[in-house]
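In my numbering, each number is its position in the sequence shown, counted from 1, plus 83.
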Amino acid sequence: MIIKNISVKSVLSKSNLPVSDFSANPYVGCSHACKYCYASFMKRFTNHSEEWGTFVDVKEWPEIKNPKKYSGKEIFLSSVTDPYQPLEAKFLRTRKLLEELQGSGARISIATKSDLILRDLDLLKNFPDVRVSFSINTLDEKFRADMDKAVSIERRLNAMKTLHDAKIRTTCFISPIFPGISDVKAIIERAKDFCNLIWLENLNLRGDYKARILNYIHENHPELDALYREIYTKKNLSYWFDLNEEIKEFSEALGLAYVHNDDSMKNPFDAPPIIVNYFFHEQITR
Numbered sequence: 084m085i086i087k088n089i090s091v092k093s094v095l096s097k098s099n100l101p102v103s104d105f106s107a108n109p110y111v112g113c114s115h116a117c118k119y120c121y122a123s124f125m126k127r128f129t130n131h132s133e134e135w136g137t138f139v140d141v142k143e144w145p146e147i148k149n150p151k152k153y154s155g156k157e158i159f160l161s162s163v164t165d166p167y168q169p170l171e172a173k174f175l176r177t178r179k180l181l182e183e184l185q186g187s188g189a190r191i192s193i194a195t196k197s198d199l200i201l202r203d204l205d206l207l208k209n210f211p212d213v214r215v216s217f218s219i220n221t222l223d224e225k226f227r228a229d230m231d232k233a234v235s236i237e238r239r240l241n242a243m244k245t246l247h248d249a250k251i252r253t254t255c256f257i258s259p260i261f262p263g264i265s266d267v268k269a270i271i272e273r274a275k276d277f278c279n280l281i282w283l284e285n286l287n288l289r290g291d292y293k294a295r296i297l298n299y300i301h302e303n304h305p306e307l308d309a310l311y312r313e314i315y316t317k318k319n320l321s322y323w324f325d326l327n328e329e330i331k332e333f334s335e336a337l338g339l340a341y342v343h344n345d346d347s348m349k350n351p352f353d354a355p356p357i358i359v360n361y362f363f364h365e366q367i368t369r
């Protein structure tokens with residue numbers, strides 16, 4: 084792993100994401116090395132020629148002088164890195180940011196694949212409307228290990244439950260859904276009792292990781308070659324339409340609300356989760 088420290092003017096930047104006002108990326112790069120990571124495009128802007136997952140830049144930034152200017156704003160950690168990747172245990176960049184934002188009134192949204200987030204539970208409890216999402220697209224640890232170097236699925240689920248028990252809103256982010264591999268219904272069954280939202284997003288193949296994933300399917304699941312060619316070469320979306328109907332019926336049978344492209348619904352904390360399908364939002368279907 085190539086690690087270096089870099090200085091930046093600010094760790095916060097205006098967000099183009101519809102779910103947040105600002106994004107915060109305490110690191111450049113990520114040691115989770117997910118084979119399907121869309122954020123690998125960041126190499127083009129950071130002068131890194133190394134393979135994605137083999138380098139991390141640790142950011143140093145000036146202390147936030149007026150944190151209250153973020154009152155009522157939603158800050159997303161993180162859009163192109165995991166704020167709780169293993170190096171966070173040593174460098175404490177994410178914790179530093181949370182400490183600087185204490186008392187600001189900012190709303191914090193975090194996406195991670197790590198249970199290291201539990202270390203900062205003391206800080207998270209002080210923010211209004213904290214949301215934490217865990218990426219879980221399989222219950223098969225072998226497939227998980229083939230795809231990323233993050234902690235086990237069981238550890239992610241246990242961390243989700245711990246946060247939910249602490250009255251912090253949690254999201255089970257079933258993404259990316261691998262056709263023929265990800266058992267969406269089984270994941271919903273496993274997580275539904277300790278999350279407030281369940282997001283669904285399909286596998287979107289583009290950039291330099293498209294060939295990597297298709298080669299993986301060919302070598303490890305040749306029985307799915309035809310399906311993946313149909314979806315990712317012929318651009319046939321019928322698989323996702325069919326899965327949408329299947330999950331809709333499944334949700335109704337469980338008594339769970341099922342919506343598309345909208346996470347603005349907010350049930351009481353102890354209510355069953357809302358399932359939000361993002362299969363057909365513009366970024367996926369273009």
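Yeah, the Cβ is synthetic: ideal placement off N, Cα and C, and Gly gets one too.
Roughly how many whole angstroms lie between the Cα atoms of phenylalanine 174 and arginine 273? 33 Å
On a CA-only basis, which of Thr245, Ile281, Val234 and Thr195 is nearest isoleucine 257? Give me that one, please. Ile281
Could you work out which residue in Gly136, Lys225, Gly188 and Lys244 is closest to serine 154 when comparing CA atoms only? Gly188
Under the three-state reduction of DSSP, which class applies to histidine 115: helix, strand or coil? coil
Return helix, strand or coil for proline 356, following the three-state DSSP convention. coil
Please determine, among Lys244, Ile219 and Thr245, the residue with the shortest C-alpha to C-alpha distance to valine 234. Ile219
For glutamate 171, does the three-state DSSP call read helix, strand or coil? helix
Among Pro355, Lys349, Ser103 and Tyr315, which one has its Cα closest to the Cα of alanine 336? Pro355
Considering only DSSP beta bridges, list what tryptophan 282 is partnered with. Phe256 and Val359
Could you round the C-beta distance between tyrosine 292 and lysine 118 to whole angstroms and report it? I think they count as a contact, below 8 Å. 6 Å
Would you call the stretch 135-152 and the stretch 97-111 touching, i.e. three or more CB-CB distances under 8 Å? yes
Starting from leucine 95 and walking both ways along the beta strand (DSSP E), at which residues does that stretch end? 95-97
Give me, in chain order, the residues of the same chain whose beta-carbon lies closer than 7 Å to that of lysine 349; leave out the 5 immediate sequence neighbours on both sides. none
Helix, strand or coil at isoleucine 264 according to DSSP, with G and I counted as helix: coil
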